[in-house]
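Residue numbers (the numbering used here): 182 to 514. Glycine included, each C-beta is placed from N, C-alpha and C at the ideal position. None of the values given here were measured: they were computed from a predicted structure.
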Ligand code: NAP
Ligand code: G4F
């Protein structure tokens, strides 16, 4: 039986990965930080299958202890401050978690279990102001947020530990991936959750930011399989994981309302633009400057060719099914 240790097991990806590895017959350990109320909603169905260890990315000793206790064959470093807007409000903390946290994990692995395999959760946010379309493993980085910059540090320190100490360390440059377990502050879940509340008559409307931003959105359940595949290869390497399609936030809104049987049409321009329910004439969506970013990433679209040819990975869930799945789950809640 193989053993895996997941940091960030309480997050969206951590929960899908724990589920997947457990089904593959792994003994799964997860790192959780102590808090005054339990925060295990996404893994409540897995509590008999996973073993949780208290540790924090800010605390080197606790990470070393987690590795000594679990003796993992594979380490998946998913923990991070992952919400881009928060990274402008808390840039130093974001650097501590999302950048230096990776060095702490790699140091712990180097000292406690150098023969383990390591996965780092890198991000398409590192491409930022994109230097090529589509983005590949060779595309130069140009991050646009303290989060993107912290992730770039994590990416390079992973490569550096691989080259300096011959560790089996891989970095997955994952494009946006979503699910019904996505945090409510991210745009996709914010839309599907609020559409379901409008449908149920709980609210009349909600506010949104930049409708023109384009993202390459996939399903988290598909993406965790790519993480696992990277650690099953003969040699460590870095891979772009994406669908190869891009869509505007505007299109996501239209499809989400459609999935709730509401035909959305637009009126006005820029900050005065509103989304209107065609049947009732009610305004259901307002553009609010509050959700604009100091520096935006306008377009992301990844080329998953390397992941497809070398890992044999491909996403199963389409953009349309992803939106429908998320709206359906929010309506059921
Ligand atoms: P998420 O839902 O925000 O989960 C983040 C996890 O990190 C949570 O379990 C959180 O624990 C944990 N964490 C945060 N700070 C910590 C600390 N100091 N010590 C220990 N644990 C800590 O993120 P996600 O969407 O699952 O993403 C997983 C990883 O992939 C992140 O590194 C993210 O930056 C990266 N990524 C995500 C995407 C995407 O589209 N989802 C794309 C590219 C890369 P609590 O529950 O205690 O807060
Ligand atoms: O859903 P978002 O907040 O995701 P973002 O910033 O792309 O970051 C996510 O994906 C990264 C991979 O590229 C991860 F590394 C990161 O951890 C995270 O998972 O915003 C997506 C887009 C942005 O352009 C934003 O300006 O949606 C736009 N947007 C428009 N209105 C909004 C809103 N974003 C949010 N969060 N809330 C809005 O009301």
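From the DSSP output, read off the bridge partner residues of residue i.
i: residue 388; result: 467
i: residue 370; result: In DSSP, residue 370 forms no bridge with anything.
i: residue 439; result: Answer is none; residue 439 lacks a bridge partner.
i: residue 269; result: In DSSP, residue 269 forms no bridge with anything.
i: residue 257; result: 187 and 300
i: residue 232; result: 210
Please confirm whether any heavy atom of the ligand G4F lies closer than 8 Å to the CB of residue i.
i: residue 306; result: yes
i: residue 236; result: no
i: residue 263; result: yes
i: residue 141; result: Here the chain covers residues 182 to 514 and nothing more, so residue 141 does not appear.
i: residue 390; result: yes
i: residue 255; result: no
Once the 5 residues before and after residue i are set aside, which same chain residues still bring their CB inside 6 Å of it?
i: residue 476; result: 325
i: residue 434; result: 372
i: residue 399; result: 358, 424 and 496
Going by C-alpha to C-alpha distance, which of the options sits closest to residue i?
i: residue 412; options: 400, 296 and 445; result: 296
i: residue 205; options: 481, 487, 409 and 483; result: 409
i: residue 396; options: 370, 381, 426 and 383; result: 426
i: residue 574; options: 389, 444 and 359; result: Outside the displayed span of the chain (182 to 514) sits residue 574, for which this structure offers no information.
i: residue 485; options: 466, 224 and 319; result: 319
i: residue 481; options: 353, 310 and 303; result: 310
i: residue 464; options: 252, 514, 385 and 271; result: 385
Tell me whether residue i counts as near the ligand NAP, meaning its Cβ is closer than 8 Å to at least one heavy atom of that ligand.
i: residue 448; result: no
i: residue 402; result: no
i: residue 190; result: yes
i: residue 279; result: yes
i: residue 359; result: yes
In angstroms with no decimal places, state the Cα-to-Cα distance between residue i and residue j.
i: residue 492; j: residue 407; result: 7 Å
i: residue 471; j: residue 262; result: 21 Å
i: residue 187; j: residue 199; result: 8 Å
i: residue 457; j: residue 444; result: 8 Å
i: residue 283; j: residue 442; result: 44 Å
i: residue 356; j: residue 421; result: 8 Å
i: residue 539; j: residue 307; result: No answer is possible for residue 539: the residues shown for the chain start at 182 and end at 514.
Using a Cβ-Cβ distance under 9 Å, would residue i count as near chain D?
i: residue 197; result: Given the protein chain composition of this structure (a single chain), no chain D is represented.
For residue i, I'd like the list of residues in its chain whose CB is within less than 7 Å of its CB, leaving aside the five on either flank, ordered along the chain.
i: residue 447; result: 454 and 456
i: residue 497; result: 403
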